[in-house]
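> Those sequence lines, one after another, are chains A and B. If you read the first sequence in our numbering, its first letter stands for residue 1, the second for the next number, and so on. If you read the second sequence in our numbering, its first letter stands for residue 85, the second for the next number, and so on.
2 protein chains.
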Amino acid sequence: MKFITLLGLIAGTLTTIAFIPQLVKVWRSKSAKDISLNTLVIFNTGVLLWLIYGIYLQAVPIIAANGLTLIFNSIIVWLKIRYE
Amino acid sequence: MKFITLLGLIAGTLTTIAFIPQLVKVWRSKSAKDISLNTLVIFNTGVLLWLIYGIYLQAVPIIAANGLTLIFNSIIVWLKIRYE
Numbered sequence: 001m002k003f004i005t006l007l008g009l010i011a012g013t014l015t016t017i018a019f020i021p022q023l024v025k026v027w028r029s030k031s032a033k034d035i036s037l038n039t040l041v042i043f044n045t046g047v048l049l050w051l052i053y054g055i056y057l058q059a060v061p062i063i064a065a066n067g068l069t070l071i072f073n074s075i076i077v078w079l080k081i082r083y084e
Numbered sequence: 085m086k087f088i089t090l091l092g093l094i095a096g097t098l099t100t101i102a103f104i105p106q107l108v109k110v111w112r113s114k115s116a117k118d119i120s121l122n123t124l125v126i127f128n129t130g131v132l133l134w135l136i137y138g139i140y141l142q143a144v145p146i147i148a149a150n151g152l153t154l155i156f157n158s159i160i161v162w163l164k165i166r167y168e
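1. Helix or strand or just coil, what does DSSP make of I139 (chain B)?
2. Can you give me, in chain order, the residues of the region 31-48 of chain A that have a beta carbon less than 7 Å from any beta carbon in chain B?
3. Roughly how many angstroms separate the alpha carbons of Y56 (chain A) and T39 (chain A), rounded to a whole number?
4. Would you check if there are 3 or more beta carbon pairs closer than 8 Å linking the region 140-153 of chain B to the region 62-80 of chain A?
5. Express the C-alpha separation of N128 (chain B) and S158 (chain B) in angstroms, rounding to a whole number.
6. Classify F19 (chain A): buried if its beta carbon has 16 or more other beta carbons within 10 angstroms, exposed otherwise.
7. Any beta-carbon of chain A closer than 8 Å to the one on A95 (chain B)?
Below is the structure:
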């Protein structure tokens, strides 16, 4: 596997799994006061567009990374609204 | 400009500027308790790798988006540590 492909896979994996600790933290603390809903909504919209971008190019890494990121962040949005 | 290029630019812009409301919120409230430091650190590491990826490919949109995201998120990390 080429270096640049590996670098992209690792970067994509990190920027995807990064949201799991935030999800767990809100789930456990039942508190999301300090988290900006605007940030979540704007970020999720961007990730949705990246997902469409990946589908359009049939680029599996982009589809996988943004698909998962969208799922994690949608759960965080739901928790944010629920515990607001 | 091709549709797909425009889509990527809009997606990159949204996933970059998305962090500004979070930065402003922490700055104003002086509170970051609910924000996961692990998420910030893992996400920033991923964004740094995307930046190196963009430099390697000399892809200006990837460099610009991830460079700005890294700056915004580094400020959020600094505010998080300062107001912890």
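Just so you know, even glycine gets a beta-carbon here, dropped at the ideal spot from N, CA and C.
On the basis of the supplied data:
1. helix
2. S31, A32, K33, D34, I35, S36, N38, T39, I42, F43, T45, G46, V47
3. So the alpha carbons of these two residues sit roughly 26 Å apart.
4. no
5. Each residue's alpha carbon lies about 7 Å from the other.
6. buried
7. yes
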